[in-house]
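Single-structure report; data block below.
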Amino acid sequence: MAEGGGGARRRAPALLEAARARYESLHISDDVFGESGPDSGGGNPFYSTSAASRSSSAASSDDEHERPPGPPPCVPAAPSAPEPEEDEAGSGWSAALRDRPPPRFEDTGGPTRKMPPGASAMDFFQLFVPDNLLKSMAAQTNMYARKFQERFGGDGAWADVTLAEMKAFLGYMISTSISHCESVLSIWSGGFYSNGGLAGAMSQARFERILKYFHVVAFRSGPAAPGLYKVQPFLDALQSGFDAAFRPSQTQVLHEPLIDEDPVFIATCTERELRKRKKRKFSLWVRQCSSTGFIIQIYVHLKEGAGPDGLDALKNRPQLHGAVARSLCRNAGGKNYIVFTGPSITSLALFEEFEKQGIYCCGLLSSRKSDCTGLPRSMLASPATPPARGQHRIRTKGNMSLICWYNKGHFRFLTNAYSPVQQGVIIKRRSGEVPCPLAVEAFAAHLSYICRYDDKYSKYFIAHKPNKTWQQVFWFAVSIAVNNAYILYKLSDAYHTHRLSRAQFGERLVRELLGLEAASPTP
Numbered sequence: 010m011a012e013g014g015g016g017a018r019r020r021a022p023a024l025l026e027a028a029r030a031r032y033e034s035l036h037i038s039d040d041v042f043g044e045s046g047p048d049s050g051g052g053n054p055f056y057s058t059s060a061a062s063r064s065s066s067a068a069s070s071d072d073e074h075e076r077p078p079g080p081p082p083c084v085p086a087a088p089s090a091p092e093p094e095e096d097e098a099g100s101g102w103s104a105a106l107r108d109r110p111p112p113r114f115e116d117t118g119g120p121t122r123k124m125p126p127g128a129s130a131m132d133f134f135q136l137f138v139p140d141n142l143l144k145s146m147a148a149q150t151n152m153y154a155r156k157f158q159e160r161f162g163g164d165g166a167w168a169d170v171t172l173a174e175m176k177a178f179l180g181y182m183i184s185t186s187i188s189h190c191e192s193v194l195s196i197w198s199g200g201f202y203s204n205g206g207l208a209g210a211m212s213q214a215r216f217e218r219i220l221k222y223f224h225v226v227a228f229r230s231g232p233a234a235p236g237l238y239k240v241q242p243f244l245d246a247l248q249s250g251f252d253a254a255f256r257p258s259q260t261q262v263l264h265e266p267l268i269d270e271d272p273v274f275i276a277t278c279t280e281r282e283l284r285k286r287k288k289r290k291f292s293l294w295v296r297q298c299s300s301t302g303f304i305i306q307i308y309v310h311l312k313e314g315a316g317p318d319g320l321d322a323l324k325n326r327p328q329l330h331g332a333v334a335r336s337l338c339r340n341a342g343g344k345n346y347i348v349f350t351g352p353s354i355t356s357l358a359l360f361e362e363f364e365k366q367g368i369y370c371c372g373l374l375s376s377r378k379s380d381c382t383g384l385p386r387s388m389l390a391s392p393a394t395p396p397a398r399g400q401h402r403i404r405t406k407g408n409m410s411l412i413c414w415y416n417k418g419h420f421r422f423l424t425n426a427y428s429p430v431q432q433g434v435i436i437k438r439r440s441g442e443v444p445c446p447l448a449v450e451a452f453a454a455h456l457s458y459i460c461r462y463d464d465k466y467s468k469y470f471i472a473h474k475p476n477k478t479w480q481q482v483f484w485f486a487v488s489i490a491v492n493n494a495y496i497l498y499k500l501s502d503a504y505h506t507h508r509l510s511r512a513q514f515g516e517r518l519v520r521e522l523l524g525l526e527a528a529s530p531t532p
């Protein structure tokens, strides 16, 4: 910086205010994390991220953050690195930059239904898992039990499951996301994880009977049924509930949420127990609203050998990840959404395809993981002498910008959502600000916010680990539904009345499902 230390200190407040104004214009709400209670997360994600978030986000070198469309910030641009001669003559990529307006978006997004101040945890959950869906599960479970007993012999202890019992069954499973006990049977064990307050709602023997026969779809509908046919009707109903209850903001992220085992359990497992754990035979991807954390859409992709399609969603397979991105965005066209993508999804061909559909993108590039077809080679090679921190080079082709930005390493971004001439800033608690193109600031902020969501809400995933792939998918999907229900609760008048933390919301929901508490919360 050309100014002395005193000038830098005088400029810092204005710089922070400009960054804060841009951040607030994106409507990224800290509200979903809460500000009190045992699981509240203080602080603004624009200015810092946790160590876990930094390790999760390959884009940000430090505690960085974001900003989508808005007026150019009052931040002096760092001098760009010297421009090398272009080696792609006739490729269409140019060093000439021109300003362009951001994609127009007028929808404010958010919940589509105003819930009353007295709405219960069950009311929010049943926006996604209503009684008619639970009745269908009960009917399919009873059908499977009858056919199973016809084939393998009667079960004198079995009686058809009722709607109330199906709710209680779900409640017991959801309770493992609050108590973090790996076995739901611990509730009746009398040990450390036992819970006499919950155990009385249903006997352990009855719970185990329902668990044995539990089904969403009892029988294969035909020889061409997909590998997830036993859970697909539930996923479809859940998707309809998500679509009906919430409209996303303009900015969204395509990624894999943290759904693996709790690290506390992994740390306490013996090597033999770890070897016995079966690897997941599927990958679960989501499209997630980056301003609230609400998961808009779920996509489950079976890995090789897990189903008749024989496809494998392995790392470093951009062609498969591109197919995942298309599936997640199949209903997003024509709305001028901006989606942020990781290296395995980012590609010129996919971004151009999405732009024709009215979907704009901003993604991190990696020469190892990304499909770099059609990108200028000079921008993918790192110079022998590293440039100064904050320097960048940009090439454009139509609305597409390819950015090479240096911050203790080279970071490359591809975007058609942000103007290549507008400047942003990455603010760090210790080292101050690092200038960058606007797209870099936006990417860092949105991805860091989603990492913060993962750090906080992934610990509330149901801990029950069945062997069946469809059952694993089912309980992951239920966990996402509960998290989405809590986000809607935080955005409603009901939260201002009772201010439940995520853990308290989960406990209240469990008790309501078990019939131990009225379906209307009390202060």
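So for the sequence shown, my numbering puts the first residue at 10; every next one is plus one.
Heads up, the beta-carbon is just placed ideally off N, CA and C, and yes, glycines get one too.
Everything numeric in this text was worked out from a predicted model, so none of it was measured.
Exposure of residue i, with buried meaning 16 or more beta-carbon neighbours within 10 Å
i	result
Gly180	buried
Ala147	buried
Glu265	buried
Gly46	In this prediction, Gly46 scores a pLDDT of 40, lower than 50, which makes its location untrustworthy; the coordinate-derived value is nonetheless stated afterwards. Burial call: exposed.
Ser140	What sits at residue 140 in the sequence shown is Asp, not Ser. It counts as exposed.
Asn416	buried
Phe485	buried
Phe161	exposed
Ala490	buried
Phe2	For the chain, the structure presents residues 10 to 532; residue 2 sits outside this window and is missing.
Secondary structure of residue i, DSSP reduced to three states
i	result
Tyr328	Strictly speaking, residue 328 in this sequence is Gln, with Tyr absent from that position. It is helical.
Leu497	helix
Glu361	helix
Trp484	helix
Ser186	helix
Glu159	helix
Cys445	strand
Leu522	helix
Gln135	coil
Arg113	coil
Trp479	helix
Leu311	strand
Val226	coil
Ile354	coil
C-alpha gap between residue i and residue j, whole angstroms
i	j	result
Trp479	Leu106	50 Å
Asp502	Lys477	40 Å
Met124	Asp116	20 Å
Ile187	Gly515	7 Å
Glu217	Glu362	50 Å
Gly556	Gln513	Absent from the model: residue 556. The displayed extent of the chain is 10 to 532, so no value can be given.
Arg508	Ile459	23 Å
Ser103	Ser457	31 Å
Gln328	Ser203	47 Å
Arg538	Gly101	Examination of residue 538 is not possible in this model, given that the chain is present from 10 through 532 alone.
Thr350	Cys370	7 Å
Met388	Phe360	18 Å
Leu142	Pro242	9 Å
Lys378	Leu357	14 Å
Pro396	Arg339	41 Å
Ser488	Ile268	10 Å
Ser145	Val225	7 Å
Whether residue i touches residue j by CB criterion (9 Å)
i	j	result
Ile347	Leu263	no
Arg404	Pro385	yes
Ser292	Lys312	yes
Val430	Val443	no
Ala451	Tyr427	yes
Gly383	Gln366	no
Phe201	Thr150	no
Ile183	Val519	yes
Pro446	Ser410	yes
Ala208	Ile196	yes
Ile412	Ala453	no
Ala341	Gln261	yes
Leu525	Gly205	no
Arg533	Ser129	Nothing about residue 533 can be reported from this structure: the residues present for the chain run from 10 to 532 only.
CB contact below 9 Å: residue i versus chain C
i	result
Val226	Protein chain content of the structure displayed is limited to a single chain, and chain C is not contained in it.
The ligand MN heavy atom lying under 8 Å from the CB of residue i
i	result
Phe251	With respect to the ligand MN, the structure shown offers nothing to examine, as it has no ligands at all.
Practice task
For the stretch 207 to 223 and the stretch 100 to 112, state whether three or more C-beta atom pairs, one from each stretch, are separated by less than 8 Å.
Solution key: Cβ pair count under 8 Å is below three, so no.
Practice task
Report yes or no: do three or more beta-carbon pairs, one from the stretch 504 to 517 and one from the stretch 159 to 167, lie closer than 8 Å?
Solution key: With a cut-off of 8 Å, the stretch 159 to 167 and the stretch 504 to 517 do not count as touching, because too few Cβ pairs lie within range.
Handout entry: At least three beta-carbon pairs within less than 8 Å, the stretch 249 to 263 to the stretch 463 to 476
Key = no
Handout entry: the stretch 298 to 315 in contact with the stretch 254 to 261 per 3-pair CB rule at 8 Å
Key = yes
Handout entry: Stretch pair the stretch 365 to 375 + the stretch 413 to 423: three plus CB contacts closer than 8 Å
Key = Counting Cβ pairs under 8 Å, three or more are found: they touch.
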